[in-house]
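All letters in the sequence shown, in the order written, are residues 412 to 515 by the working numbering.
Notes for the one structure printed next.
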Amino acid sequence: GAESYPGVPYSAFDFNDANCHTASGSIEDYGDAEQVRNCKLSGMKDLNQGKDYVREMIMEYLNRLISYGVAGFRVDASKHMWPGDLEAIFSQLDDLSTDYFPAG
Numbered sequence: 412g413a414e415s416y417p418g419v420p421y422s423a424f425d426f427n428d429a430n431c432h433t434a435s436g437s438i439e440d441y442g443d444a445e446q447v448r449n450c451k452l453s454g455m456k457d458l459n460q461g462k463d464y465v466r467e468m469i470m471e472y473l474n475r476l477i478s479y480g481v482a483g484f485r486v487d488a489s490k491h492m493w494p495g496d497l498e499a500i501f502s503q504l505d506d507l508s509t510d511y512f513p514a515g
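Dropping the structure here:
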């Protein structure tokens with residue numbers, strides 16, 4: 412599949428392919444945290460959230476949603492993401508808009 416997403420934009424450089432050390436490029440051992448967090452899940456592309464650019468694109472998108480009044484996010488498959496990457500992203504999100512939610 413393509414690794415070019417011009418709408419974001421993401422390119423092949425923004426994915427974890429180089430960080431996955433399995434022959435298939437997919438998770439082969441679910442007991443290995445490196446594979447679970449750096450390899451493809453069921454063949455799906457895996458963004459490298461350790462890259463500043465990828466983090467910035469995710470933060471910009473989530474902050475845009477917050478500005479529209481979104482009050483929370485469900486993060487599916489978070490066990491497939493490095494905790495430090497999630498913390499780096501979540502720590503930069505804006506507070507809820509007082510246009511939609513009262514302060515405090």
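All C-beta atoms, glycine included, are put in the ideal place defined by N, C-alpha and C.
For residue i: DSSP bridge partner residues
i: Tyr-511; result: None; Tyr-511 has no bridge partner.
i: Phe-426; result: Leu-458
i: Lys-490; result: According to DSSP, which records beta bridges pairwise, Lys-490 is partnered with nothing at all.
i: Ser-437; result: Lys-451
Pick from the options that is closest to residue i, judged by C-alpha positions
i: Met-455; options: Pro-420, Tyr-472, Ile-469 and Ala-488; result: Ala-488
i: Gly-436; options: Asn-427, Ala-444, Pro-494 and Gly-442; result: Asn-427
i: Val-481; options: Pro-420, Gly-461 and Tyr-511; result: Tyr-511
i: Tyr-472; options: Pro-420, Glu-414 and Ser-415; result: Pro-420
Distance between residue j and residue i (C-alpha atoms, nearest Å)
i: Ile-469; j: Ala-429; result: 21 Å
i: Arg-475; j: Ala-423; result: 25 Å
i: Thr-509; j: Thr-433; result: 47 Å
i: Gly-483; j: Gly-418; result: 24 Å
i: Val-486; j: Ile-438; result: 19 Å
Neighbourhood of residue i by C-beta distance below 7 Å, restricted to the same chain and skipping five residues each side
i: Gln-503; result: Met-470
i: Asp-425; result: Leu-458, Asn-459, Lys-462, Tyr-464 and Val-465
Beta-carbon proximity of residue i to residue j, cut-off 7 Å
i: Lys-451; j: Asp-443; result: no
i: Arg-448; j: Ala-499; result: no
i: Ile-477; j: Asp-505; result: yes
Contacting residues, own chain, Cβ-Cβ under 8 Å from residue i (five flanking each side not counted)
i: Trp-493; result: Arg-448, Gln-460 and Gly-461
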